Amino acid sequence: MSATAPPAGTREPGAADERLIRTSPLRSLLGRPELGSVVGAIAVFVFFAVVADSFLRAASLSTVLYAASTIGIMAVPVALLMIGGEFDLSAGVLVTSSALISSMISYQMTANVWVGVLVSLLVTLAVGVFNGVLLTRTKLPSFIITLGTFLMLTGLNLGFTKLISGTVSTKSIADMEGFDSAKALFASEFTFGEVTIKVTILWWIGLVALATWVLLRTRFGNWIFAVGGGPDAARAVGVPVTRTRIGLYMGVAFAAWISGQHLLFSFDVVQSGEGVGNELIYIIAAVIGGCLITGGYGSAIGSAIGALIFGMTSKGIVYAEWNPDWFKFFLGAMLLLATLLNAWVRKRAEATR
Amino acid sequence: MRTQRTAVALLAVCALVVVAGCSSSGGKEAKEESAGSGGGVPAATEKLKIAMVTHSGEGDTFWDIVQNGAKVAAKKDNADFLYAAHKEGKEQAQLIQTYIDQRVDGIIVTLAKPEAVGDAVEKAVAAGIPVVTINSGGEFSRELGAIGHIGQDESVAGEAVGEELNERGRKKALCVIHEQGNVSLEARCAGVRKAFDGTVENLNVEGVNMPQSTSSIEAKLQSSRDIDSVITLGAPFAAASVKAKAGADSRAEIDTFDLNADVIKQLKAGEIGFAVDQQPYLQGYLAVDELWLHKVNRNVIGGGKPVLTGPALITREDVPALEKLTAAGTR
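Structure, rendered in structure tokens:
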């Protein structure tokens, strides 16, 4: 529980009560959950800067940031959910569902694409509510509930797409009204000096900032930590556990909607079979970033660092031009090393307290 | 009470945006002009039951086209068409077994994993059910007792691409593999490498994650600036490569295996140089027809040798003739 807001009182140091002792900024920095992952990220960065010639170029860095942002957007709410003590295995395919709904609604009704985008938001949030309500009503593990939604969504994605489009991918909506403005919001890019910045990076930063603010500065943030730390105790002191959990699943759904719209508007067609397996990558990013699998501990910034480590590693291997047959091995090994370093740093930081 | 009112308000908002937000360009209405499908009267032969078992993953455009071909042929031949697929060889073998148990009149099988599926194919043959193999694994077809094979030789297709690259004066190609460890994808890249005078590099990408695939290709194009051709092994990855090319500011030409509506559009726009089609529709259509011909007339297509459905090289000139067909899911 070290990641709550620092004590607000400004009593003189050395006052009688030990609970009111002020911690030095360095101390509190060392206690942050994402510290270990920051060290891991720096290590990965330095490593690839040395072994891969083209890694340090501005264009390469923007590619890496883009790769990290598409994972990072989803890793933020997944991290919050994990702090709240739950999983969402349906997060990967929900992204695809969201894109498919948006595309097919617009196309089939020959409507402005913004109609599809909004309907998709409502339906995606409804899936989040469904997960949350089912979880809180049945009291079954979230692993089982969302495994069910994951499989159902996978089937629905394919079934509906074939039923409606006749093929396994949607029709192009690139020539429809509203496409350009929607693309500007979800899949545009702009150059900043020499660097091309994809708009997903802004979404990512925005979500991280929002989630950090919610976690550390609002009552809802305290509820998340409380629910993840011990739901029964939280309920006993008056935390609305049910609403908090449903809210967290809606958060995942919201980010899935953003990612889904990005998928749709960057390619203008959607393959219905995509997304399977990505849910694990989001969880991995959150865990590398310092979230505990058991809940009650973690941070949104950590999930961003985790996504960055994943992005740097997966693209760094390409820049380093290592034998592609070994790609997955290198990826796994690098992630394991980064996580080990993370754990080691955190242990050291805790020991100095 | 409050939730009810919110729900009503939400519905009203939905209805409003739906009514108000019509698109005057594109969409379904623009497409709904003519869609004549070949009806016709089915053959007067006895009703057959033909099953197909493939190694397709879920939601793969390619296998969808194969099925479309098979369904049309089945209708014409007065046959019921059954379809099942699983990525894993072992599961595929079990699916074949269920069709043997159902005593169907013919089975169509892909041999992507011949060692896992082989036993089940031999069992079907032993049970007196004729088997036709399609797509990959043509060299195993005969020894397993199948009456014929209809498909594309992956290395021949790869070589066709290599030769085309030579003709276009390319020096260094990137072969993008979207499913690591898939034998037929590796064979395609190997074929390219064999016939191409320049060098070929392989790149593995995460096929189920388009943004990650795009950024990986982009990273490769940034690190190897001398790559002048990108070969993708599936149609959706051609679009990803076009994006990656723009992102990396590369001058490489994108070429691809297999077709879809998007590839046709980009061929037309000059974003893609050429596509290699293996005519999946033919694989489904001919396989059903071969089983029917075998049943009613004891015919064997191809005289026991594999029948090749590809490679067919498609460039910008072929686009006008193919545009409607890819949209309909038959090319």
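These protein sequences, in sequence, are chains A and B. Going by our numbering, the first residue of the first sequence is number 1370, and it counts up by one from there. Going by our numbering, the first residue of the second sequence is number 6, and it counts up by one from there. In this text, a Cβ means the ideal position worked out from N, Cα and C, and glycines have one as well. From a predicted model like this one, the values you see are computed outputs, not experimental measurements.
Please determine if the stretch 1572-1582 of chain A and the stretch 1669-1679 of chain A are in contact, where contact requires at least 3 C-beta pairs separated by less than 8 Å.
yes
To the nearest angstrom, how far is it from the Cα of Ala1624 (chain A) to the Cα of Val1462 (chain A)?
Using only the alpha carbons, I get a separation of about 12 Å.
How would you call Ser39 (chain B), buried or exposed, if buried means at least 16 neighbouring beta carbons within 10 angstroms?
Low confidence applies to Ser39 (chain B): its pLDDT is 39, below 50, so where it sits in the model is not reliable, and the reading given next is rough at best. Burial call: exposed.
Exposed or buried, which one is Pro302 (chain B) when buried takes at least 16 other CB atoms within 10 Å?
The sequence as given places Asn at residue 302 (chain B); Pro does not occur at that position. Exposed, by the Cβ-count rule.
Distance, Thr1536 (chain A) Cα to Phe242 (chain B) Cα
Using only the alpha carbons, I get a separation of about 17 Å.
Beta carbon proximity, Ser30 (chain B) to chain A, threshold 8 Å:
yes
Report, in whole angstroms, the separation of the C-beta atoms of Gly1453 (chain A) and Gly1590 (chain A), which I expect to be a contact under 8 Å.
With 8 Å as the limit, Gly1453 (chain A) and Gly1590 (chain A) do not qualify as a contact, their Cβ atoms being about 10 Å apart.
Can you give the beta carbon distance from Phe1512 (chain A) to Ser1459 (chain A), rounded, assuming they're within the 8 Å contact cut?
About 11 Å; that fails the 8 Å criterion.
Let me know the secondary structure DSSP gives Val1656 (chain A) once reduced to three states.
helix
C-beta contact flag for Gly1642 (chain A) and Asp65 (chain B) at 8 Å
yes
Name the residue from B:Pro325, B:Val210, B:Ser234 whose alpha carbon lies nearest to the alpha carbon of Lys273 (chain B).
Considering only B:Pro325, B:Val210, B:Ser234, the residue with the shortest C-alpha distance to Lys273 (chain B) is B:Pro325.
Within 10 Å of its beta-carbon, does Leu1532 (chain A) have 16 or more other beta-carbons around it, so buried, or fewer, so exposed?
If you draw a 10 Å sphere on the C-beta of Leu1532 (chain A), you find fewer than 16 other C-beta atoms in it, and that means exposed.
N-terminal and C-terminal residue of the alpha helix (DSSP H) that Phe262 (chain B) is part of
Counting along the chain, Phe262 (chain B) falls outside any alpha helix (DSSP H), though it belongs to the beta strand (DSSP E) covering 258-262.
Anyone know if the C-beta pair for His183 (chain B) and Lys118 (chain B) falls short of 8 Å?
no
If Gly309 (chain B) and Gly153 (chain B) are in contact, beta carbons under 8 Å, what's the gap, nearest whole angstrom?
7 Å
Inter-residue Cα distance where the pair is Asn1500 (chain A) and Leu1516 (chain A):
10 Å
How is Val58 (chain B) classed by DSSP in three states: helix, strand or coil?
strand
Starting from the Cα of Gly1325 (chain A), find the closest Cα among A:Leu1425, A:Ala1412, A:Leu1449 and give me that residue.
Residue 1325 (chain A) is absent from the model: chain A starts at 1370 and stops at 1722.
At least 3 beta-carbon pairs within less than 8 Å: the stretch 249-265 of chain B vs the stretch 232-239 of chain B
Three or more Cβ pairs drawn from the stretch 249-265 of chain B and the stretch 232-239 of chain B lie within less than 8 Å of each other, which places the two stretches in contact.
Is there a C-beta anywhere in chain A that falls below 8 Å from the one on Met57 (chain B)?
Taking a beta-carbon distance threshold of 8 Å, Met57 (chain B) does not count as an interface residue toward chain A.
Nearest-angstrom Cα separation, counted from Ser1406 (chain A) out to Ser1417 (chain A):
The amino acid at residue 1417 (chain A) is misidentified as Ser; the sequence shows Phe. Those two C-alpha atoms are separated by around 16 Å.
I'd like to know whether the C-beta of Glu223 (chain B) is nearer than 8 Å to at least one C-beta of chain A.
yes
Nearest chain B C-beta to Gly1646 (chain A) closer than 8 Å, yes or no?
Chain B, which has a Cβ nearer than 8 Å to the Cβ of Gly1646 (chain A), makes this yes.
Assign Phe1548 (chain A) to buried or exposed, taking buried as 16 or more other Cβ atoms, counted over all protein chains shown, within 10 Å of its Cβ.
buried
Ser246 (chain B) versus chain A: which residues are under 8 Å apart at the beta carbon?
Neighbours of Ser246 (chain B) in chain A, taken as residues whose beta carbon is under 8 Å from its own, are absent, since the nearest beta carbon is some 12 Å off.
In its own chain, which residues sit with a C-beta less than 8 Å from the C-beta of Asp1544 (chain A), not counting the 5 before and 5 after it?
So no residue of the chain qualifies.
Range of the contiguous beta strand (DSSP E) that encloses His154 (chain B):
153-156
For Met6 (chain B), which residues from the same chain have a beta carbon less than 6 Å from its beta carbon, with the 5 sequence-adjacent residues on both sides left out?
Legend: pLDDT at Met6 (chain B) = 48, less than 50; position of this residue unreliable, value from coordinates given subsequently. There are no such residues.
How about Val109 (chain B): is its C-beta nearer than 8 Å to some C-beta of chain A?
No Cβ of chain A is located within less than 8 Å of the beta carbon of Val109 (chain B).
If we call anything under 8 Å between Cβ atoms a contact, is Leu330 (chain B) one with Ile319 (chain B)?
no
If you check the beta carbons only, do Lys1684 (chain A) and Ser229 (chain B) fall under 8 Å apart?
no
Extent of the continuous beta strand (DSSP E) run through Asp323 (chain B)
Taken as a continuous stretch (DSSP letters only), Asp323 (chain B) belongs to no beta strand (DSSP E), as it is neither H nor E.
Please check the pair Val159 (chain B) and Ala192 (chain B), which I expect to be a contact at CB under 8 Å, by giving their CB distance rounded to whole angstroms.
The question names Val, yet the displayed sequence has Glu at residue 159 (chain B). Beta-carbon to beta-carbon, Glu159 (chain B) and Ala192 (chain B) are separated by about 4 Å, close enough to satisfy the 8 Å threshold.
From what residue to what residue does the beta strand (DSSP E) around Val136 (chain B) run?
Segment 136-140, the beta strand (DSSP E) holding Val136 (chain B).
Closest residue to Glu1546 (chain A) among A:Leu1709, A:Phe1634, A:Leu1677, A:Pro1693 (Cα-Cα distance)
A:Phe1634
Does Ala266 (chain B) come within less than 8 Å of chain A when only Cβ atoms are used?
yes
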